[in-house]
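Asker: One structure coming up, written as structure tokens, with questions to follow.
Residue numbers (the numbering used here), protein chains in the order written: chain A, 618 to 896; chain B, 5 to 295.
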């Protein structure tokens, strides 16, 4: 059981392993599924949950090894399609051109707008958020806050959080005038907690978790709906997304069994521990 | 004598020649493979319709088919040169201190500190920059993640490179040069300024070039503290995105032309660092000749 936070796609590592094995005259090791081994790759939002599920599954099925690797939803799609991974992790609904894959819903997650805790702003309308992100509003004073420059924190291209955010507010990425661009949720939370004028968006689960640990951030409501795990569960929260395991139409037997396990009541507590919402 | 020894171990020698030669060849061919691989992976976008976009598009929105890399090229150069600009005087001063003014425990402690600084993982320096330096810079002008922050953290990172290579170059100055100068009545300051530094010049320049190469290739620090906004570096306090940070941020999420364009920026970076390394070797061999 291991998790690798790596920037390189699986196939590059396969290439490296393969070339080294060839060089020293070994047979290429078969690192893909062979009945007792499962590779899961994709969204960094889903990975911690998948990791916990995998640990529990491994304990119940000695001899099975499950490898969880992160790299974003696009990688989950790519790897599941190419067969590099048995299961892809994707933190959004499948698109029309991805209908060759099957989605298995394992949890729900919401995206929350977050500010520094010291920021007195309690609520922003959708239009205000759009104005801030497109650079029309550059000071908190203009939306009823203190005289403080706004630091717009945006996500890097390719992240599903960015796609969901853009889609919800009907923006394109080139319209956004960011001051900081971040990679994952943690970098976002660190950036915003260190900057009183910052605004950003991260997964509600992660944000709520950080708040309980005393990180100086706060979650803004969306419209009249409070940003909370509970509201995502009841389906009230507008800015939410499904967390899926995706496979080809015929996953391996082990894969099918793990999918049944991941959608069963055996893992409900794990979903809640990660501040996600069980479907 | 040498001829006799040559005769007796000739067979062994030839074996060693082939074995060592083969190992060296493998190492070299790995480098060749990497370059070929980068080139091959960036081909689709070089041949495609977006090739001109690299230079002529002023921004980077791969999902909207805009692949302007020039702002990031300038940003990378600005960060690397800025860091070198700060690290070089401090590095050479430290090297002079190490080679001429420090003795005994002070010298060994200082050298140890430099070695430790050289070994601090860049992600740790980046974390320090993000939590300590960024808020300070942000109090001048938000967001704090900026060209200046990246330059400051990177200069700390390449300082030991400059110091250690310059110390080595200064120590390699033949003692008779220094003794001769002293015998002629030069004081310490003149010995250093007019004899040691000119004699070690090529070695010092070689070290500085290596430091630039290291700064250009550094990823983690610039990813964490430079702000990653794609724009031409227009001010010290403005956020910028370096080529390396761009690859690290987006590679795992990129497909098709977007992916190929990231490979292309990797190829570009490799070639620049390669040229710097070659130049550095050239300078070092110059140093050998002056002695």
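We put the CB at the ideal spot given by N, CA and C, even for glycine. In this text, all values refer to a predicted model and were calculated from it rather than measured experimentally.
Per DSSP, which one or two residues make a beta bridge with residue 818 (chain A)?
Answerer: Beta-bridge pairing links residue 818 (chain A) to A:730.
Asker: Could you confirm whether any beta carbon from chain A is found closer than 8 angstroms to the beta carbon of residue 232 (chain B)?
Answerer: For residue 232 (chain B), the answer is yes, since a Cβ of chain A falls inside 8 angstroms of its Cβ.
Asker: Put residue 811 (chain A) into one of helix, strand or coil per three-state DSSP.
Answerer: Here residue 811 (chain A) sits in coil by DSSP.
Asker: Kindly provide the ranges of any alpha helix (DSSP H) runs that are 4 or more residues long and lie completely inside the segment 169-230 of chain B, ordered along the chain.
Answerer: As far as the segment 169-230 of chain B is concerned, its whole alpha helix (DSSP H) runs of at least 4 residues are 179-187, 201-221, 224-229.
Asker: Find the residues of chain B that neighbour residue 691 (chain A), judging by a C-beta separation of less than 9 angstroms, and give them in chain order.
Answerer: Result: 256, 257, 258, 259.
Asker: Taking Cβ-Cβ distances shorter than 8 angstroms, what residues in chain A pair up with residue 68 (chain B)?
Answerer: Those within 8 angstroms of residue 68 (chain B) in chain A are 789, 790, 791.
Asker: For residue 901 (chain A), which residues from the same chain have a beta carbon less than 7 angstroms from its beta carbon, with the 5 sequence-adjacent residues on both sides left out?
Answerer: Because chain A is modelled from 618 through 896, residue 901 (chain A) falls outside the range shown and cannot be assessed.
Asker: For chain B, find out if any of its Cβ atoms is closer than 8 angstroms to the Cβ of residue 897 (chain A); answer yes or no.
Answerer: The displayed coordinates of chain A run from 618 to 896. Any statement about residue 897 (chain A) would go beyond what the structure contains.
Asker: Is the CB of residue 49 (chain B) under 8 angstroms away from at least one CB in chain A?
Answerer: By this cut-off, residue 49 (chain B) is not an interface position.
Asker: What do you reckon, is the C-beta of residue 250 (chain B) under 7 angstroms from a heavy atom of the ligand NAD?
Answerer: Judged by which ligands are present, the structure shown has none, so any question about the ligand NAD falls away.
Asker: Is the shortest distance between the beta-carbon of residue 279 (chain B) and the beta-carbons of chain A less than 8 angstroms?
Answerer: Residue 279 (chain B) does not count as touching chain A.
Asker: Flag this pair as yes or no: are the beta carbons of residue 229 (chain B) and residue 138 (chain B) separated by less than 8 angstroms?
Answerer: For residue 229 (chain B) and residue 138 (chain B), yes; Cβs fall inside 8 angstroms.
Asker: From residue 649 (chain A) to residue 686 (chain A), what distance separates their C-alpha atoms?
Answerer: With a pLDDT of only 39 at residue 649 (chain A), under 50, the local geometry of the prediction cannot be trusted, and no value is derived from it.
Asker: Residue 738 (chain A) by DSSP, collapsed to three states: which one?
Answerer: Residue state, collapsed to three classes: coil.
Asker: Quick one: Cα of residue 281 (chain B) to Cα of residue 177 (chain B), how far?
Answerer: In a straight line, the C-alpha of residue 281 (chain B) is about 23 angstroms away from that of residue 177 (chain B).
Asker: Alpha carbons only, please: which of B:169, B:237, B:188 is nearest the one belonging to residue 205 (chain B)?
Answerer: Answer by Cα proximity: B:169.
Asker: Would DSSP call residue 63 (chain B) helix, strand or coil?
Answerer: Note: residue 63 (chain B) maps to coil in three-state DSSP.
Asker: Roughly how many angstroms lie between the CA atoms of residue 125 (chain B) and residue 235 (chain B), to the nearest whole one?
Answerer: Cα to Cα, the separation comes out at about 28 angstroms.
Asker: I need the DSSP call for residue 23 (chain B), collapsed to helix, strand or coil.
Answerer: In this structure, residue 23 (chain B) counts as helix in the three-state DSSP scheme.
Asker: For the beta strand (DSSP E) containing residue 875 (chain A), list its first residue and its last residue.
Answerer: Element bounds for residue 875 (chain A): not the beta strand (DSSP E) but the alpha helix (DSSP H), 870-879.
Asker: Against chain A, with Cβ distances strictly below 8 angstroms, would residue 108 (chain B) count as a contact?
Answerer: Chain A, which has no Cβ nearer than 8 angstroms to the Cβ of residue 108 (chain B), makes this no.
Asker: If you drop the 5 nearest sequence neighbours on each side, which residues of the same chain put their C-beta closer than 6 angstroms to that of residue 730 (chain A)?
Answerer: Closer than 6 angstroms at the Cβ level, and outside the excluded window around residue 730 (chain A), lie 818, 837.
Asker: Which same chain residues, not among the five before or five after residue 822 (chain A), have their C-beta less than 7 angstroms away from its C-beta?
Answerer: If we look at residue 822 (chain A) and ignore the five residues flanking it on each side, its Cβ neighbours are 726, 846, 891, 892, 893.
Asker: Does the beta-carbon distance from residue 237 (chain B) to residue 812 (chain A) come in below 8 angstroms?
Answerer: Cβ distance not < 8 angstroms, so residue 237 (chain B) and residue 812 (chain A) don't count as in contact.
Asker: Below 8 angstroms between beta carbons: does that hold for residue 690 (chain A) and residue 716 (chain A)?
Answerer: No. Outside cutoff.
Asker: DSSP three-state label for residue 883 (chain A), please.
Answerer: The answer is helix: DSSP assigns residue 883 (chain A) an H, G or I state.
Asker: Please state whether the Cβ-Cβ distance between residue 761 (chain A) and residue 738 (chain A) is less than 8 angstroms.
Answerer: Against a cut-off of 8 angstroms, the Cβ pair of residue 738 (chain A) and residue 761 (chain A) comes out as a contact.
Asker: Let me check one thing: in DSSP terms, what residues is residue 244 (chain B) bridge-paired to?
Answerer: Paired residue(s): B:231.
Asker: Does the segment 157-166 of chain B touch the segment 91-110 of chain B, meaning 3 or more C-beta pairs lie closer than 8 angstroms?
Answerer: Yes: the two stretches touch, three or more of their Cβ pairs being nearer than 8 angstroms.
Asker: What does the alpha-carbon distance come out to for the pair residue 196 (chain B) and residue 87 (chain B)?
Answerer: The alpha-carbon atoms of residue 196 (chain B) and residue 87 (chain B) are separated by roughly 25 angstroms.
Asker: Just the chain B side, please: which residues come within less than 7 angstroms of residue 775 (chain A) by C-beta, in chain order?
Answerer: Within 7 angstroms Cβ-Cβ: 254, 257, 258.
Asker: Taking only beta-carbon atoms, is residue 142 (chain B) less than 8 angstroms away from chain A?
Answerer: Answer yes: the Cβ-Cβ gap between residue 142 (chain B) and chain A drops below 8 angstroms somewhere.
Asker: What residues in its chain sit with their C-beta under 8 angstroms from that of residue 643 (chain A), if we drop five residues either side in the sequence?
Answerer: Below a pLDDT of 50, predicted positions are generally treated as unreliable, and residue 643 (chain A), at 42, falls in that range; no measurement from the model is reported.
Asker: Figure out for me which residue from A:875, A:829, A:888, A:895 has the closest Cα to the Cα of residue 683 (chain A).
Answerer: That would be A:875, whose Cα lies nearest to the Cα of residue 683 (chain A).
Asker: Kindly indicate which three-state DSSP category residue 16 (chain B) falls into: helix, strand or coil?
Answerer: Here residue 16 (chain B) sits in helix by DSSP.
Asker: According to DSSP, residue 256 (chain B) sits in a beta bridge with which residue or residues?
Answerer: In the DSSP output, where bridge partners are listed per residue, residue 256 (chain B) has none listed.
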